[in-house]
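Undergrad: Top line first, the protein sequences correspond to chains D and H. Residue 138 in the numbering used here is what sits at position 138 of the first sequence, and the numbering runs on without skipping anything. Residue 74 in the numbering used here is what sits at position 74 of the second sequence, and the numbering runs on without skipping anything. Before I ask anything, let me first share the structure, which is written out below as structure tokens.
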Amino acid sequence: MWDLLIIQPLVNTMLLLYQLLGNNLTLTIIALTVLIRLITFPLTWQSQVSQKKMQQLQQSDEWKAIQRKYANNREALAQEQMKLWQREGINPFGGCLPLLIQLPILIGLYQAITIAIAASPAQLLSLSTNLYSFLPNVERLIPLDNRFLWMNLGLPDPYFVMPLLVVVTSWIQSKVMTPPATDAQAAQMSQTMMLTTTLMFGYFSLTFASGLSVYFVVSNILGILQYGLTNPIDWRKLLTLDLKPAVAAPATPEKSKDKPRKKK
Amino acid sequence: MKSIRLLLLGLGPVLFASACVAPPPNSWPGLSANDELAFVAYNHQVIAVNLNDGKQRWAFPPSPGADLFFAEPGISDEIIVVGSEGTLGQFHGALFGLDPANGAQKWCLALDSRARDRLNTATAPCPLIPGGDEATFFGLIMPPVDNRVIGGVVVRDGVAYAGLANNRVIAVEALTGKLRWMRDLSEHPIWTAPLVDETSIYVASLDHKLYALARSDGEKKWEVDLGASLGGTPALQDGVLYVGTFGDKVVALRAQDGRELWRAEATNWVWGGPAVRDGVVYFADLNGTVFAVSAQDGRELWRRTPGGKIRSTPALYNDLLFIGDRDGSLFALNLADGALQWKQTIPGGGQLYTTPLVLPERELVIVAVYQGSNLLVAYTPGGAFKWAFAPGQ
Numbered sequence: 001m002w003d004l005l006i007i008q009p010l011v012n013t014m015l016l017l018y019q020l021l022g023n024n025l026t027l028t029i030i031a032l033t034v035l036i037r038l039i040t041f042p043l044t045w046q047s048q049v050s051q052k053k054m055q056q057l058q059q060s061d062e063w064k065a066i067q068r069k070y071a072n073n074r075e076a077l078a079q080e081q082m083k084l085w086q087r088e089g090i091n092p093f094g095g096c097l098p099l100l101i102q103l104p105i106l107i108g109l110y111q112a113i114t115i116a117i118a119a120s121p122a123q124l125l126s127l128s129t130n131l132y133s134f135l136p137n138v139e140r141l142i143p144l145d146n147r148f149l150w151m152n153l154g155l156p157d158p159y160f161v162m163p164l165l166v167v168v169t170s171w172i173q174s175k176v177m178t179p180p181a182t183d184a185q186a187a188q189m190s191q192t193m194m195l196t197t198t199l200m201f202g203y204f205s206l207t208f209a210s211g212l213s214v215y216f217v218v219s220n221i222l223g224i225l226q227y228g229l230t231n232p233i234d235w236r237k238l239l240t241l242d243l244k245p246a247v248a249a250p251a252t253p254e255k256s257k258d259k260p261r262k263k264k
Numbered sequence: 001m002k003s004i005r006l007l008l009l010g011l012g013p014v015l016f017a018s019a020c021v022a023p024p025p026n027s028w029p030g031l032s033a034n035d036e037l038a039f040v041a042y043n044h045q046v047i048a049v050n051l052n053d054g055k056q057r058w059a060f061p062p063s064p065g066a067d068l069f070f071a072e073p074g075i076s077d078e079i080i081v082v083g084s085e086g087t088l089g090q091f092h093g094a095l096f097g098l099d100p101a102n103g104a105q106k107w108c109l110a111l112d113s114r115a116r117d118r119l120n121t122a123t124a125p126c127p128l129i130p131g132g133d134e135a136t137f138f139g140l141i142m143p144p145v146d147n148r149v150i151g152g153v154v155v156r157d158g159v160a161y162a163g164l165a166n167n168r169v170i171a172v173e174a175l176t177g178k179l180r181w182m183r184d185l186s187e188h189p190i191w192t193a194p195l196v197d198e199t200s201i202y203v204a205s206l207d208h209k210l211y212a213l214a215r216s217d218g219e220k221k222w223e224v225d226l227g228a229s230l231g232g233t234p235a236l237q238d239g240v241l242y243v244g245t246f247g248d249k250v251v252a253l254r255a256q257d258g259r260e261l262w263r264a265e266a267t268n269w270v271w272g273g274p275a276v277r278d279g280v281v282y283f284a285d286l287n288g289t290v291f292a293v294s295a296q297d298g299r300e301l302w303r304r305t306p307g308g309k310i311r312s313t314p315a316l317y318n319d320l321l322f323i324g325d326r327d328g329s330l331f332a333l334n335l336a337d338g339a340l341q342w343k344q345t346i347p348g349g350g351q352l353y354t355t356p357l358v359l360p361e362r363e364l365v366i367v368a369v370y371q372g373s374n375l376l377v378a379y380t381p382g383g384a385f386k387w388a389f390a391p392g393q
């Protein structure tokens, strides 16, 4: 089912693009990544708009007041937050669900590129079983031409340029897209996550086919651009190399005000 | 809310990791045998299995190492020659000469400097092949080379021949590992074992071409573009070569000059090589259809689809044709009309992409299993189970 719905359409679109783009695998990977990003753009847009609304709400005085008021009563805090979300028309999962829906497509894209590069007999066999029979002249295309500049796209980049680009773009994307945390613990967590994600993609890029690195870089750049459409990006923040995570607003209770009310 | 978003941020890498960290093996097992032992190259070892009882005799290396072995070992009485793909994702392969009796390493030949750096030790030297790719800039920068041995090694008259994924064909002395010659052929990998006759070697390449080289020095005699990749070793009989293509065809060519004689149509890629006997060419395609065509003109005599997808070359014995499929079944078809004689489903599951090995003297048909519990399973030509071998037994 996964192959039928995700892998086969992606692999065959990739081969069609490869044919249309003069048998250039790099251009094909770029074009397919752009195409997928365009198709999933409404979902990304919805997610980012929802995320932005949520951030604005979290910056509001009303939100902060609730945080202070119910700092010691989680249940009441959750109820008040829900009321606010309903009033403002915000779905608390509105930022996550579109991302969840996109995830299989992005993973499928990654797998489709791996299959199309077909660096091993098992991958080539997988490619053969995922081809549409009506795709014209497909036998003439295989194997795909893996050469690009100094690289063999089926192999890791020997000069480490692509891993470096992957790390830099992953870092920027994480830094740009990670929302400001509302407490120190969450900020620390998001910082760790950001570093882990960046280093993990860097490791992938060092270890696996450089064709995948092309995909990572293009995908990261497009992710940053898409985010920039809905949110202003503070580029200076990236250049300062501030390793301390941003904390949006303190959520500590104002004890002097809360305590007397409780006594009442 | 925030924790869900953070979870999602982390989920991507985890899913990527799950897709990357434990991929299926790069290829299916390479299988060959002498009078006494079957030699199977799969994943991180080459294992010798006793043909009498299916018990392991030795393994090389004794404990699984980093190198990957999938290429069919080349065998002679005194030595077996195996090719490595290098390590996972790093395609720096090597050739090894092993003692067939105990698997002891007689020699090693690194196909590039990274392989040399990995394998060369004081007790087991592994020098760089003359003219091999070398890292530059204090050994830090390695050009993007693909020095895997994927297709298999053929040993004939004391010389081991192999095609490499870096488009080269090499010939080395089987007993010593000394390089005889090395030729660059094309721009795409060679994933097949060469076919060697008295004076020539024939190499099928993914670059759509079939090459004929002189055995003595590797000089190119001729090349023919067949319009699609060639994934199987050609067959030769009576001066005619037969080769399957990913263009859904089997092509017959004159061995002397590569002139095309005829083409026979299949229904999908013909990845395995054809088998020829008594004026009939047998082959199978990825749709799982087995064909018999006239060697004279390619006229179809019969076709059968006994099971699932077929990648391998048919093996012939007496009046039977043996072939395995992706669903893990071994079929015996009647050579005369393709009628199914028997079918066995391999115990322990897995897929049969490797060509079955028929050993007439021992009355055995051996299959090597991809991703199954057993690595080797042996039957009699009549279809009776003899033994199964699983690594670690």
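Note that CB positions come from ideal geometry on N, CA and C, so glycine has one too.
Can you give the Cα-Cα distance for residue 84 (chain H) and residue 176 (chain H), rounded to whole angstroms?
TA: On the second sequence, residue 84 (chain H) is found 84 positions in, with the first residue counted as 1. On the second sequence, residue 176 (chain H) is found 176 positions in, with the first residue counted as 1. Each residue's Cα considered, the two are about 17 Å apart.
Undergrad: Report buried or exposed for residue 394 (chain H), applying the criterion of at least 16 other Cβ atoms within 10 angstroms of its Cβ.
TA: Nothing can be reported for residue 394 (chain H): it is not among the residues displayed for chain H, which extend from 1 to 393.
Undergrad: Using 8 Å as the threshold, is the C-beta distance between residue 162 (chain D) and residue 133 (chain D) below it?
TA: One-based indexing of the first sequence puts residue 162 (chain D) at position 162. One-based indexing of the first sequence puts residue 133 (chain D) at position 133. Not closer than 8 Å, so no.
Undergrad: Within 10 angstroms of the Cβ of residue 248 (chain H), are there 16 or more other Cβ atoms? Answer buried if so, exposed if not.
TA: Translated into the one-based positions of the second sequence, residue 248 (chain H) becomes position 248. Residue 248 (chain H) is buried by the Cβ-count criterion.
Undergrad: From residue 113 (chain D) to residue 200 (chain D), what distance separates their C-alpha atoms?
TA: Looking up residue 113 (chain D) in the first sequence gives position 113. Looking up residue 200 (chain D) in the first sequence gives position 200. Distance between the alpha carbons of residue 113 (chain D) and residue 200 (chain D): 19 Å.
Undergrad: Do you know how far the Cα of residue 217 (chain D) is from the Cα of residue 57 (chain D)?
TA: Walking along the first sequence from the start, residue 57 (chain D) turns up at place 57. Walking along the first sequence from the start, residue 217 (chain D) turns up at place 217. Roughly 33 Å separates the two Cα atoms.
Undergrad: Which residues in chain H have a C-beta closer than 7 Å to the C-beta of residue 120 (chain D)? List them in chain order.
TA: Position 120 of the first sequence, counting from 1, holds the residue named residue 120 (chain D). Ordered by position in chain H, the residues that pass the 7 Å Cβ test against residue 120 (chain D) are 26, 27.
Undergrad: When Cβ atoms are compared, which residues of the region 184-212 of chain H fall closer than 7 Å to chain D?
TA: 188, 191, 206
Undergrad: With contact counted as at least three CB pairs below 8 Å, one residue from each stretch, are the region 121-139 of chain D and the region 244-258 of chain H in contact?
TA: As far as the Cβ criterion goes, the region 121-139 of chain D touches the region 244-258 of chain H, which means the pair count is three or higher.
Undergrad: How about residue 264 (chain H) and residue 241 (chain H): are their beta carbons less than 8 Å apart?
TA: Taking the second sequence and counting its residues from 1, the one referred to as residue 264 (chain H) is at position 264. Taking the second sequence and counting its residues from 1, the one referred to as residue 241 (chain H) is at position 241. Not in contact: residue 264 (chain H) and residue 241 (chain H) (Cβ atoms no closer than 8 Å).
Undergrad: Taking DSSP as the reference, what is the three-state secondary structure of residue 60 (chain D)?
TA: Position 60 of the first sequence, counted from the start, is the residue given in the question as residue 60 (chain D). Three-state DSSP puts residue 60 (chain D) in coil, outside helix and strand.
Undergrad: Could you tell me the alpha carbon to alpha carbon distance between residue 67 (chain H) and residue 161 (chain H), rounded to whole angstroms?
TA: Taking the second sequence and counting its residues from 1, one reaches residue 67 (chain H) at position 67. Taking the second sequence and counting its residues from 1, one reaches residue 161 (chain H) at position 161. The straight-line gap from Cα to Cα measures roughly 20 Å.
Undergrad: Answer with yes or no whether the minimum CB distance from residue 150 (chain H) to chain D is below 8 Å.
TA: Position 150 of the second sequence holds residue 150 (chain H). For residue 150 (chain H), the answer is yes, since a Cβ of chain D falls inside 8 Å of its Cβ.
Undergrad: Whole beta strand (DSSP E) runs in the region 299-341 of chain H with 3 or more residues, listed along the chain?
TA: 300-304, 315-317, 320-324, 329-334
Undergrad: Applying a beta-carbon distance threshold of less than 7 Å, which residues of chain H neighbour residue 221 (chain D)?
TA: What you label residue 221 (chain D) is simply residue 221 of the first sequence in a count that begins at 1. Under the 7 Å cutoff, chain H gives no residues; its nearest Cβ is about 16 Å from residue 221 (chain D).
Undergrad: Any beta carbon from chain D within less than 8 Å of residue 228 (chain H)'s own beta carbon?
TA: For the purposes of this step, residue 228 (chain H) is taken as the residue at position 228 of the second sequence. By this cut-off, residue 228 (chain H) is an interface position.
Undergrad: Please decide whether residue 132 (chain D) counts as near chain H, where near means a Cβ-Cβ distance under 8 Å.
TA: Taking the first sequence and counting its residues from 1, one reaches residue 132 (chain D) at position 132. False, the Cβ-Cβ gap to chain H never drops below 8 Å.
Undergrad: Considering only the beta carbon of each residue, do residue 90 (chain D) and residue 214 (chain D) sit closer than 8 Å?
TA: The count along the first sequence starts at 1 and reaches residue 90 (chain D) at position 90. The count along the first sequence starts at 1 and reaches residue 214 (chain D) at position 214. Not closer than 8 Å, so no.
Undergrad: I'd like to know if residue 21 (chain H) contacts chain D, where contact means its C-beta is closer than 8 Å to some C-beta of that chain.
TA: Translated into positions along the second sequence, residue 21 (chain H) becomes position 21. Note that residue 21 (chain H) scores a pLDDT of 47, beneath 50, so its modelled location is shaky and nothing firm can be said.
Undergrad: At the level of alpha carbons, what is the spacing between residue 164 (chain H) and residue 82 (chain H)?
TA: The residue you call residue 164 (chain H) lines up with position 164 of the second sequence. The residue you call residue 82 (chain H) lines up with position 82 of the second sequence. Approximately 13 Å between the Cα atoms of the pair.
Undergrad: Consider the Cβ of residue 168 (chain H): report whether some Cβ of chain D lies at a distance smaller than 8 Å.
TA: By 1-based counting over the second sequence, the position of residue 168 (chain H) is 168. Chain D contact via Cβ: absent.
Undergrad: For the region 129-146 of chain H, which residues have a beta carbon sitting closer than 7 Å to at least one beta carbon of chain D?
TA: 141, 142, 143, 144, 146
Undergrad: List in chain order: all unbroken beta strand (DSSP E) runs of 3+ residues lying wholly within the region 127-199 of chain H.
TA: If you keep only unbroken beta strand (DSSP E) runs of at least 3 residues inside the region 127-199 of chain H, you get 128-133, 153-156, 159-163, 168-173, 179-184.
Undergrad: Determine, using beta carbons only, whether residue 275 (chain H) and residue 234 (chain H) come nearer to each other than 8 Å.
TA: As a first step, residue 275 (chain H) is located in the second sequence; it is residue number 275 there, counting from the start. As a first step, residue 234 (chain H) is located in the second sequence; it is residue number 234 there, counting from the start. Their beta carbons are not under 8 Å apart, which means residue 275 (chain H) does not touch residue 234 (chain H) by this criterion.
Undergrad: So what's residue 74 (chain H) in DSSP terms, helix, strand or just coil?
TA: What you label residue 74 (chain H) is simply residue 74 of the second sequence in a count that begins at 1. In the structure shown, residue 74 (chain H) sits in a strand (DSSP, three-state: E or B).
Undergrad: Which chain H residues are close to residue 128 (chain D), counting only those with a beta carbon under 7 Å from its beta carbon?
TA: Counting from one through the first sequence, the residue named residue 128 (chain D) turns up at place 128. Ordered by position in chain H, the residues that pass the 7 Å Cβ test against residue 128 (chain D) are 269, 286.
Undergrad: Under 8 Å, Cβ to Cβ, is there at least one residue of chain D near residue 291 (chain H)?
TA: Taking the second sequence and counting its residues from 1, one reaches residue 291 (chain H) at position 291. False, the Cβ-Cβ gap to chain D never drops below 8 Å.
Undergrad: By the three-class DSSP mapping on this structure, what secondary structure does residue 21 (chain H) have?
TA: Taking the second sequence and counting its residues from 1, the one referred to as residue 21 (chain H) is at position 21. Note on residue 21 (chain H): pLDDT 47, under 50, position unreliable in the model; the coordinate value appears next. Coil, per DSSP.
Undergrad: Identify the continuous beta strand (DSSP E) that holds residue 112 (chain H) and give its terminal residues.
TA: Along the second sequence, one-based indexing puts residue 112 (chain H) at 112. First-last of the beta strand (DSSP E) with residue 112 (chain H): 105-112.
Undergrad: Name the chain H residues whose beta carbon is nearer than 9 Å to that of residue 207 (chain D)?
TA: Stepping through the first sequence from its first residue, residue 207 (chain D) is reached at position 207. Near residue 207 (chain D) (Cβ distances below 9 Å), the residues of chain H are 20, 88, 89, 90.
Undergrad: With a threshold of 8 Å between beta carbons, is residue 273 (chain H) in contact with chain D?
TA: Mapped onto the second sequence, residue 273 (chain H) falls at position 273. Not closer than 8 Å to any Cβ of chain D, the Cβ of residue 273 (chain H) fails to qualify, so no.
Undergrad: First and last residue of the alpha helix (DSSP H) that includes residue 31 (chain D)?
TA: In the first sequence, residue 31 (chain D) corresponds to position 31, counting from 1. That run of the alpha helix (DSSP H) goes 25-39.
Undergrad: Which of helix, strand or coil does DSSP assign to residue 114 (chain D)?
TA: In the first sequence, residue 114 (chain D) corresponds to position 114, counting from 1. Residue state, collapsed to three classes: helix.
Undergrad: For the putative contact between residue 21 (chain D) and residue 28 (chain D), defined by C-beta atoms under 8 Å, what is the C-beta separation to the nearest angstrom?
TA: Here residue 21 (chain D) is taken as the residue at index 21 of the first sequence, counted from 1. Here residue 28 (chain D) is taken as the residue at index 28 of the first sequence, counted from 1. The Cβ separation is near 6 Å, so the contact holds.
Undergrad: What separation, rounded to the nearest whole angstrom, lies between the Cα atoms of residue 340 (chain H) and residue 380 (chain H)?
TA: Against the second sequence, residue 340 (chain H) aligns to sequence position 340. Against the second sequence, residue 380 (chain H) aligns to sequence position 380. Residue 340 (chain H) and residue 380 (chain H): Cα-Cα distance of roughly 16 Å.
Undergrad: Against residue 246 (chain H), what residues of chain D qualify as contacts under a CB-to-CB distance less than 7 Å, listed in chain order?
TA: Position 246 of the second sequence holds residue 246 (chain H). Per Cβ cutoff of 7 Å: 139, 142.
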